[in-house]
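Beneath this line is the structure, given in structure tokens, with notes to follow.
Number of protein chains: 2
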Amino acid sequence: MSFPVPQHDHGACIRGAMDAAESACRMQGARLTPIRRRVLELVWENHQPVGAYALLETLAKEGWSAAPPTVYRALDFLLRHGLVHRIALQNAFVGCSHPGEPHAGAFLLCSHCGAAAELADLSVDRAIAEAAARNGFSVTRQTIEVEGLCPACRAGGAGR
Amino acid sequence: MSFPVPQHDHGACIRGAMDAAESACRMQGARLTPIRRRVLELVWENHQPVGAYALLETLAKEGWSAAPPTVYRALDFLLRHGLVHRIALQNAFVGCSHPGEPHAGAFLLCSHCGAAAELADLSVDRAIAEAAARNGFSVTRQTIEVEGLCPACRAGGAGR
DNA sequence: ACCGATATGTTATAATGTAACAGGCGCTGG
DNA sequence: CCAGCGCCTGTTACATTATAACATATCGGT
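As they're listed, the protein sequences go chains P and V.
If you use my numbering, the first sequence corresponds to residues 448 to 607, in order.
If you use my numbering, the second sequence corresponds to residues 448 to 607, in order.
See the structure below:
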């Protein structure tokens, strides 16, 4: 999965993500409660990582009883079930493009428009696994976050 | 550079880092002031990333006038001049093993002993550059943080 | 209906990071 | 010399992100 074109049908992204989440939860016997479902939808509002407190604010406006733990617990659940990823560089969260398939998660982050794209590229994983092995290190989790310019922003001249 | 053995001569690590910092600053016309120098030494106290507030506490005990900006400014300086790296997963800072040579910085982080090792491996950089290029993405900076077990902790049975 | 496990509500606080402004120190040019 | 400028530091206040702890509620199985 790479960057979506600006005018893509984002409704389809959201519906797809929600459907995938539904079935992933059903399979794992996990409960996608209303608040968890709503948080996941909000995370998918666009392709940019969103902060916990931004989610909180939106939930509050929508009338949910909303304190920080509310959001963090929902996010923990979504993280545990592989439905969202955390972007460490931004203290923010983004919807997972491949729920179900276990994967490390590597991200391209556009410095100009803020979009995040999940990079499904085994060659990167392989290079890291090999480098780690050469150092006698056994990997349990990896975080890869690459900053730069996405295709649309490059075309738009954002880099000048 | 990989993980140092537990009983290595760490004094030599520190002296080496400080000497390298001195000469790097001299070359760049940057001022390694007493507080910056001391923060760098503290970052190098061991091979584990250290948090800004831990540094702050140590400085305070040593009698420095110490408020958060004091430490963050010193860290900013050290980051800008490539003398330390920030570990995003831990909101912490670690000494750079290769000051002078520009490099992205990739880290192996041991979940058991907390040690961090800087991975100088071009194959990883290359894999990322290629994957990014395939997605039409131009890279400006990359963050790679790999969690797992270092050789010493594996040998010690930390994984059981 | 009851029980245990899970989920949520609520309050308070911890941990990390910045803004903004004042003052000082050192260099450089007149 | 000293005036001016740039950089560095001191200080106060605050913003942002995250968690602890405990009470209450809800769900699902028996």
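No residue lacks a Cβ here, since even glycine has one placed at the ideal position from N, Cα and C.
Is DSSP giving Q495 of chain V helix, strand or coil here?
In the structure shown, Q495 of chain V sits in coil (DSSP, three-state: anything other than H, G, I, E or B).
My understanding is that S585 of chain V touches R601 of chain P, with C-beta atoms under 8 Å, so please give their C-beta distance in whole angstroms.
6 Å
What's the call for R483 of chain V, buried or exposed, on a 16-neighbour Cβ count within 10 Å?
Under this definition R483 of chain V is a buried residue.
Using three-state DSSP, classify C543 of chain P as helix, strand or coil.
coil
Does the stretch 478-493 of chain P come close enough to the stretch 517-526 of chain P that 3 or more CB-CB pairs lie under 8 Å?
yes
So, is P453 of chain P buried or exposed, given that buried needs 16 or more other C-beta atoms within 10 angstroms?
An exposed status is given to P453 of chain P, since fewer than 16 other beta-carbon atoms sit within 10 Å of its beta-carbon.
6 Å CB neighbourhood of G552 of chain P in its chain, flanking five on each side removed
H532
Check each candidate in P:S512, P:C597 and P:T587 and name the one with the smallest Cα separation from A580 of chain V.
P:C597
Starting from A521 of chain V, find everything on chain P with Cβ-Cβ shorter than 9 Å and list it in chain order.
Within 9 Å Cβ-Cβ: nothing; A521 of chain V doesn't reach chain P, min ~21 Å.
What would DSSP say about T590 of chain P, mapped onto helix, strand or coil?
strand
Within 8 Å of any Cβ in chain P, is that where the Cβ of R601 of chain V sits?
yes
Show which residues of chain P have a CB atom less than 9 Å away from the CB atom of T590 of chain V.
A535, L536, T590, I591, E592, V593 and E594
Please go through the stretch 458-512 of chain P and give each complete beta strand (DSSP E) segment of 3 or more residues, from N-terminal end onward.
Counting only runs that start and end inside the stretch 458-512 of chain P, there is no beta strand (DSSP E) element of at least 3 residues.
Chain V partners of P598 of chain P, CB-CB under 8 Å?
One finds N582, G583 and F584 in chain V with Cβ atoms closer than 8 Å to the Cβ of P598 of chain P, taken in chain order.
By Cβ distance, which residues of its chain are closer than 7 Å to P546 of chain V, with the 5 residues on each side in sequence left out?
A467, A468, A471, G529 and L530
Since H455 of chain V and A563 of chain V should fall inside the 8 Å C-beta cutoff, what is the C-beta to C-beta distance between them, to a whole number of angstroms?
15 Å between Cβ atoms; not a contact.
Exposure label - A514 of chain P; buried when at least 16 CB within 10 Å:
exposed
Have a look at P:E548, P:D568 and P:G498 and flag the residue whose alpha-carbon is nearest the alpha-carbon of E577 of chain V.
When only C-alpha atoms are compared, the closest one is P:D568.
Check the C-beta distance from E556 of chain P over to E504 of chain P and give it rounded, since I have them as a contact under 8 Å.
Residue identity differs from the one stated: residue 556 of chain P is Leu in this sequence, not Glu. 22 Å between Cβ atoms; not a contact.
What would DSSP say about V518 of chain P, mapped onto helix, strand or coil?
helix
Is G606 of chain P buried or exposed, if buried means 16 or more other CB atoms sit within 10 Å of its CB?
For G606 of chain P, the predicted model reports a pLDDT of 48, less than 50, meaning its position is unreliable; a value from the coordinates is still stated below. The residue in question, G606 of chain P, is exposed, as its Cβ has fewer than 16 Cβ neighbours within 10 Å.
Three-state secondary structure (DSSP) of E577 of chain V:
helix
Along the chain, where does the alpha helix (DSSP H) that runs through A602 of chain P open and close?
P598 to A602
Closest by C-alpha distance to P451 of chain P, when choosing among P:E565, P:N582, P:I575 and P:T590
Nearest in C-alpha terms to P451 of chain P, of all of P:E565, P:N582, P:I575 and P:T590, is P:E565.
Selection from V:Q589, V:C560, V:R478 and V:S512 that minimises the alpha carbon distance to H550 of chain V:
V:Q589
Please list, in chain order, the chain P residues whose beta carbon lies closer than 9 Å to that of T517 of chain V.
Within 9 Å Cβ-Cβ: nothing; T517 of chain V doesn't reach chain P, min ~23 Å.
Distance cutoff 8 Å, beta carbons only. Does F540 of chain V sit that close to anything in chain P?
No, F540 of chain V lies away from the interface with chain P (no Cβ there is under 8 Å from its Cβ).
My assumption, with CB atoms under 8 Å, is that C592 of chain P sits in contact with A539 of chain P. Please give the rounded CB distance.
Strictly speaking, residue 592 of chain P in this sequence is Glu, with Cys absent from that position. Contact doesn't hold; Cβ gap of about 11 Å is too wide.
Report yes if the CB atom of L506 of chain V is closer than 8 Å to the CB atom of V518 of chain V, and no otherwise.
yes
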